[in-house]
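For what it's worth, UniProt numbering labels the leading residue of the sequence shown as 1, then goes sequentially. We put the beta carbon where it would ideally sit given N, CA and C, even for glycine. Report on one structure; see the data block that follows.
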Amino acid sequence: NNAKKLGKKYLLDAKKNIENKNKFYEALDKALMNYLKSILLFDNSQYNAKKIRESLLKKSVSLKTIDLLDDIFNNCQMARYTPFDYVDMDKDYKRALELISLIDNEI
1 NNAKKLGKKY LLDAKKNIEN KNKFYEALDK ALMNYLKSIL LFDNSQYNAK
51 KIRESLLKKS VSLKTIDLLD DIFNNCQMAR YTPFDYVDMD KDYKRALELI
101 SLIDNEI
């Protein structure tokens, strides 16, 4: 599937920055947003968590998968915008890969 390949390609930028917390989470956030834009067909001005959630539900994506997405986005925000230092970038990267596969299988 093209969207899945594209999502994984975007995630490579995050993986390249795994030694730098801010760059990693910025790239991870961007990768997931670009993936979601490609499957939900929206632009940045239309982005908000509620709209993404509604769009995924309309495409029959499970609440469990949507909750995983929310959790990853929350981790990105915490890592980028708070002094919170405990992060597990490898785990978040693997969860993002899993998320893309789950969404791809559920749509």
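Expressed to the nearest angstrom, what Euclidean distance is found between the alpha-carbon atoms of residue i and residue j?
| i | j | result |
| --- | --- | --- |
| Lys5 | Phe84 | 32 angstroms |
| Leu63 | Glu106 | 11 angstroms |
| Leu102 | Thr65 | 7 angstroms |
| Lys58 | Lys51 | 11 angstroms |
Can the beta-carbon of residue i be found closer than 8 angstroms to that of residue j?
| i | j | result |
| --- | --- | --- |
| Leu99 | Leu56 | no |
| Asp43 | Ala31 | no |
| Ala49 | Asp71 | no |
| residue 114 | Arg80 | Outside the displayed span of the chain (1 to 107) sits residue 114, for which this structure offers no information. |
| Lys16 | Met89 | no |
| Asp92 | Leu28 | yes |
Per DSSP, what kind of secondary structure is residue i in: helix, strand or coil?
| i | result |
| --- | --- |
| Asp90 | helix |
| Ser38 | helix |
| Ser101 | helix |
| Tyr81 | helix |
| Tyr10 | helix |
How about residue i: is its C-beta nearer than 8 angstroms to some C-beta of chain D?
| i | result |
| --- | --- |
| Leu32 | The chain labelled as chain D is not found in the depicted structure, where only one protein chain is given. |
At least three beta-carbon pairs within less than 8 angstroms, the segment 85-93 to the segment 32-43: no
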